[in-house]
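Below you'll find the structure, written out as structure tokens, and then a few comments.
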Amino acid sequence: MSESVNLKEVDTIAAAPAGFTVERAMYALLATAALLARVLGLGAGMPLLPLETAQALPAWRDAMNLALTGATTAAAQSPLLYTVQRFIFWMTDGGNDAWVRLFPALVGAALVLVPWALRRQLGRGGALILAGLIAVDPWLLAFSRLGDGAILSTAGALLLWAALLNWDRLSAMQWRLLAVATALFVLSGPLAWLLLPPLALTAVLTRPALPADNRERRWLLGLFAATVVIVATGWLAYWDGWGVLSSSVSAALSFVGGDLGYPLLWPVTRLIVDQPFVFAVGVIGLVLLLRGMRAGAADRSLTIGLGVWAVYGVVLLALPGRSPMTLLILGLPLLVAAAWGTARLLRFCLTETDWQDGSLIAVALGVLLVTSYFLSAGYLSAQIVDARMLLFYLIVPLLVAFFVWWSGWQTTAQVTGLLVAATLLLASLSSAWDLSLRGDLLRGNRLFETSTQQNVRMLADDVAQLGAIRVGDPGEIDVYVAQVESPLQPVLGWYLRFVRDLRFVDAIDPALYGRNVLVISAPNVQLALPSAAVGSDYPLVQDWLPTGFDTWRNRLRWALFRELRQLPASSSVVLWVQED
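By the numbering used here, the letter at position 278 of the sequence shown is numbered 942, and the numbering carries on one by one without gaps.
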């Protein structure tokens, strides 16, 4: 058994008292905090991304029994989310941005409770640490606030992984729930197909045995098949769900071998900038797990599974089809390993610590870290830099060396380890805030290359106002969308869904154009419009990646302070209106 998960603790876990305990209270508190972080400002913040509208628009059309004239690039990729959103839109009479993102947010918050099933492998403390890390993880928080199936696949994978590690303790009812969960996982989206290999490896390592009763096995198979059919088709209400399932497989293949993937430097940048704590402590945790496994003190299936899973994630991010979704494949094993590493770090740092000397070391190094932060801000902003300023940074290692001589290596290492870990954790919390809650595109704080701007809501308001003025009803005015870029088509389709006659066309017939007709087109497109038509430009989406900086100083300034020297490039549309 591991150093922290000893036989006595396993027996205690197995015989956990019923009712409300301090441990259960901590999980409830973390779940509540995770829920608040995921639902606050869910619809009032950033507009839906193109991938969110591509998922939501087909479900909305189906729920409202409406169709858009002309083809758009909207194509749902998560059968599970498609069915849930379709039901939500039907219940809420069309829904809004918040309703689009609600179900992933709820699943992302519930993910905090999964570590409860891993207490036997991680120990009570390690599992609770993992729950806390899940609650504030920058990537999990960002994808939980996204109307996409990635977080559904992630939650399903972690749940199935925990079940495989504890299959020998599953009751008959839990096996049946697991069959349903497996079906939902398969229907959750493209990421589920890429998460199958790590789960398959865990199954090989743990060798789970299905219930011996053949009747029970048939029950499990029937539950799995029935769940797939019911969820994919919405209780047999629409058979297009099978097409969505096919789209999820195609999307998964594009994440592996697609030719439109993100730059190779991009995942490295995101890992270091967004996840400094999980990256550093997770790698340490993997090393400690490997050492513990060799000494017989760590779970073999857990160690090998996490190690191979992490390598698999690195390989996927090295392939040409890399995308933000594949970040989660690497992030999950690092997160679990970071929980293990944090438990070891706390044990080392809080055992026989001389706090009389340690408090002085902590104050001195803390002051230097804060000073270094502000000095770096001034250095990166200054046009002319005195190289002698860099000598200040040498004070930190020199002071650490002095404290080793003065107080001993153990106390210095304990305090320094806690201080470094706290600094990395604060950096990760800051990244979580920037990615999900700040809502400022000018700071370059989005995971995806293409982000929707607030101007799309202004465009929708202007179209509604023109409809009310000219025809007496915002939805009765005719709107033609001509020759706009592919990412903009589902965005316009979603935010202009109140227009009953919204058409996507390749050209405009001058005979149809009039006072009660609005045209939306890409800039610099030649349209046969009367001379009385007046156009207004609306920048709708921004394209930006943290790999195109011209100088290392600008790159470092963004990494530390999320500040950009220049605005990202935008894609616009023009709203054409005939003057009275």
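In this text, a Cβ means the ideal position worked out from N, Cα and C, and glycines have one as well.
Predicted model, so just to flag it, every value in this text is computed and none were measured.
{"Asked": "Short Cβ contact (7 Å threshold) for Ala-769 with Val-703", "Found": "yes"}
{"Asked": "Pairwise C-alpha distance: Gly-946 and Ala-795", "Found": "15 Å"}
{"Asked": "Helix, strand or coil at Thr-1215 [DSSP, three-state]", "Found": "coil"}
{"Asked": "Distance between beta carbons of Thr-1116 and Val-1155, contact taken as under 8 Å", "Found": "6 Å"}
{"Asked": "Neighbour-count burial assignment, Leu-797, 16 or more Cβ in a 10 Å radius", "Found": "buried"}
{"Asked": "Cα-Cα separation between Ala-773 and Pro-1174, rounded to whole angstroms", "Found": "52 Å"}
{"Asked": "C-alpha distance - Thr-866 paired with Leu-970, whole-angstrom precision", "Found": "9 Å"}
{"Asked": "Paired residues, beta bridge with Phe-1168 - DSSP", "Found": "Val-1145"}
{"Asked": "Where the beta strand (DSSP E) containing Thr-1114 begins and where it ends", "Found": "1114 to 1116"}
{"Asked": "Buried versus exposed call for Leu-885 [16 or more other C-beta atoms within 10 Å across all chains shown]", "Found": "exposed"}
{"Asked": "Pick from Gly-1139, Val-892, Leu-935, Leu-841 that is closest to Leu-823, judged by C-alpha positions", "Found": "Leu-841"}
{"Asked": "Cβ neighbour criterion (16 or more within 10 Å) applied to Ala-1124", "Found": "buried"}
{"Asked": "Buried versus exposed call for Ala-827 [16 or more other C-beta atoms within 10 Å across all chains shown]", "Found": "buried"}
{"Asked": "DSSP bridge partner residues for Asp-1137 (one or two, in chain order)", "Found": "DSSP output for Asp-1137 lists no bridge partner at all."}
{"Asked": "Which residues DSSP lists as bridging Asp-1207, in chain order", "Found": "Thr-1114, Ala-1233"}
{"Asked": "Integer-rounded CB distance, given that Val-1241 should sit under 8 Å from Ala-1186", "Found": "17 Å between Cβ atoms; not a contact."}
{"Asked": "Three-state secondary structure (DSSP) of Val-1183", "Found": "strand"}
{"Asked": "Terminal residues of the alpha helix (DSSP H) in which Met-728 lies", "Found": "714 to 728"}
{"Asked": "Whether Ala-896 touches Gly-907 by CB criterion (7 Å)", "Found": "no"}
{"Asked": "Boundaries of the alpha helix (DSSP H) in which Phe-1012 is found, first to last residue", "Found": "988 to 1013"}
{"Asked": "Residue(s) in a DSSP beta bridge with Ala-1197", "Found": "Gln-1242"}
{"Asked": "Beta-carbon proximity check, Ser-1234 vs Gln-1206, cutoff 7 Å", "Found": "yes"}
{"Asked": "Three-way DSSP call (helix, strand, coil) for Tyr-1159 in this model", "Found": "helix"}
{"Asked": "For Tyr-1202, the residue or residues it bridges with in DSSP", "Found": "Val-1237"}
{"Asked": "Residue nearest to Leu-1029 in terms of C-alpha spacing, selected from Arg-1008, Val-1079, Leu-1039", "Found": "Val-1079"}
{"Asked": "Exposure label - Gly-898; buried when at least 16 CB within 10 Å", "Found": "buried"}
{"Asked": "Start and end residues, alpha helix (DSSP H) containing Ala-690", "Found": "The question names Ala, yet the displayed sequence has Met at residue 690. 686 to 703 is the span of the alpha helix (DSSP H), which, as asked, contains Met-690."}
{"Asked": "Residue range of the unbroken alpha helix (DSSP H) whose run includes Ala-814", "Found": "814 to 829"}
{"Asked": "Which listed residue (Gln-749, Arg-750, Asp-801) has its alpha carbon closest to that of Ser-1092", "Found": "Asp-801"}
{"Asked": "Gly-705 classed as buried or exposed, judged by whether at least 16 other C-beta atoms fall within 10 angstroms", "Found": "exposed"}
{"Asked": "Burial state of Ile-1133, where buried means 16 or more other Cβ atoms lie within 10 Å", "Found": "exposed"}
{"Asked": "Stretch pair the segment 1004 to 1024 + the segment 832 to 841: three plus CB contacts closer than 8 Å", "Found": "no"}
{"Asked": "Length of the line joining the Cα atoms of Ser-911 and Ala-740", "Found": "7 Å"}
{"Asked": "Burial state of Phe-1067 (16 or more Cβ within 10 Å)", "Found": "buried"}
{"Asked": "Backbone secondary structure at Gln-613 - three-state DSSP", "Found": "Because the chain in this structure spans residues 665 to 1244, residue 613 falls outside the shown range and cannot be described."}
{"Asked": "Cβ neighbour criterion (16 or more within 10 Å) applied to Ile-815", "Found": "buried"}
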